[in-house]
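> In our numbering, the protein residues as written are 11 to 176.
No residue lacks a Cβ here, since even glycine has one placed at the ideal position from N, Cα and C.
(1) Are the Cβ atoms of residue 51 and residue 60 separated by less than 8 Å?
(2) Measuring only the C-alpha atoms, how far is residue 109 from residue 39?
(3) Using only the alpha-carbon positions, how far apart do residue 132 and residue 74 sit?
(4) Is it buried or exposed for residue 113, if we count other Cβ within 10 angstroms and need 16 for buried?
(5) For my contact list, residue 175 and residue 143 are in at a C-beta cut-off of 8 Å; report their separation, rounded to the angstrom.
(6) Pull the bridge partners of residue 76 from the DSSP assignment, please.
(7) So, at 6 Å on beta carbons, what are the nonlocal neighbours of residue 102 in its own chain, with the 5 sequence-adjacent residues on each side left out?
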């Protein structure tokens, strides 16, 4: 009997946590994702996307995820990939591509690029995941200080695993 009650309580708590997880949508309501635990939506508004930040961010452990969506009509992931590499190279002389590859994300071909750079003396690591679906281009950019990148990566994985197209 005690086991049955314990299992029931655990199942209830698991469902309750799932029910109260925040779902975030872009301003045009084309995509949504689950808010990672201990992260919050940034107050600044964007026409094309939404930005979330770690609630534990400080000057040395800052982490942010920006999810933007735009018209992807006539664009392929193969044409976007080299443009992302060029964009980072032009953005900052300190930018160094450390990884670039194609992956499958929620059944769709996506492109991932990881760079390191120094921004005003602060070492950063940036992971961009680009995906095109339903004539929409979704660009997910995860930025963190070098020291905080690995610790905050599970938040990016939450966004990627729960990304839903409407």
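Taking the coordinates as given:
(1) yes
(2) In this structure, the CA atom of residue 109 is about 31 Å from the CA atom of residue 39.
(3) Residue 132 and residue 74: Cα-Cα distance of roughly 15 Å.
(4) Exposed, because fewer than 16 other Cβ atoms sit within 10 Å of the Cβ of residue 113.
(5) 5 Å
(6) 61 and 151
(7) 127
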